[in-house]
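Numbering (the working numbering), first residue to last: 73 to 213.
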């Protein structure tokens with residue numbers, strides 16, 4: 073599966089243009105900054121309504137930071153958004169991953185082929201590993 077994605081607002085702004093990546097069976101990662109949960113939900117709904125989310129093997133939600141909570145939220149938060157999304161798409165959604173506009177972040181190899189393994193509620197995403205049949209010093213002549 074190809075690892076792709078980025079900033080949710082930027083990605084959604086590309087929908088319907090020649091610049092939107094047409095990737096099926098990928099692992100889509102998303103993050104954003106300064107966007108309230110209701111706006112994040114609206115953008116995720118736009119990706120879902122366009123059929124993008126349903127065509128992925130997994131959706132990785134990173135950090136959605138620097139928004140202000142208001143009394144009208146009444147407990148509506150990012151968990152509310154991801155729970156609702158999970159009820160609408162039959163694709164694993166992983167949340168709270170350490171990427172986005174945060175001090176400590178994981179490096180994501182955008183465009184790399186990745187593999188997923190799951191057991192129960194645990195999912196491992198692997199990339200850059202050697203397959204058992206490959207030898208580090210073999211090459212074609």
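Note that beta-carbon positions come from the ideal geometry of N, C-alpha and C, so glycine has one too.
Is it buried or exposed, residue i, if we count other Cβ atoms within 10 angstroms and call 16 or more buried?
i           : result
residue 138 : exposed
residue 179 : exposed
residue 151 : exposed
residue 147 : exposed
residue 145 : exposed
residue 94  : exposed
residue 210 : For residue 210, the pLDDT reaches just 46, beneath the cut-off of 50, and the residue's location in the model is therefore unreliable, although a value from the coordinates is still provided. With fewer than 16 Cβ atoms within 10 Å of its Cβ, residue 210 is classed as exposed.
residue 182 : exposed
residue 78  : buried
Is residue j closer than 8 Å to residue i when the C-beta atoms are compared?
i           : j           : result
residue 160 : residue 120 : yes
residue 106 : residue 134 : no
residue 125 : residue 98  : no
residue 132 : residue 92  : no
residue 118 : residue 84  : yes
residue 157 : residue 195 : no
residue 184 : residue 129 : no
residue 122 : residue 86  : no
Between residue i and chain B, is the shortest Cβ-Cβ distance under 8 Å, so that the two count as touching?
i          : result
residue 90 : Within the model displayed, chain B is absent; a lone protein chain is all it includes.
Across which residues does DSSP place residue i in a beta bridge pair?
i           : result
residue 136 : 104
residue 130 : 99
residue 189 : 196
residue 166 : 132
residue 75  : 99
The beta strand (DSSP E) that contains residue i, what's its start and end?
i           : result
residue 118 : Looking at the DSSP string, residue 118 is not in any beta strand (DSSP E); the run it does join, the alpha helix (DSSP H), is 109-121.
What residue does the alpha helix (DSSP H) around residue i start on, and which one ends it?
i           : result
residue 160 : 150-160
residue 82  : 80-85
Any heavy atom of the ligand COA closer than 7 Å to the beta-carbon of residue i?
i          : result
residue 96 : Looking at this structure, you won't find the ligand COA or any other ligand, since it has none at all.
> Do three or more CB pairs link the segment 184-195 to the segment 108-124 at distances below 8 Å?
Replying inline: Too few Cβ pairs lie closer than 8 Å, so no.
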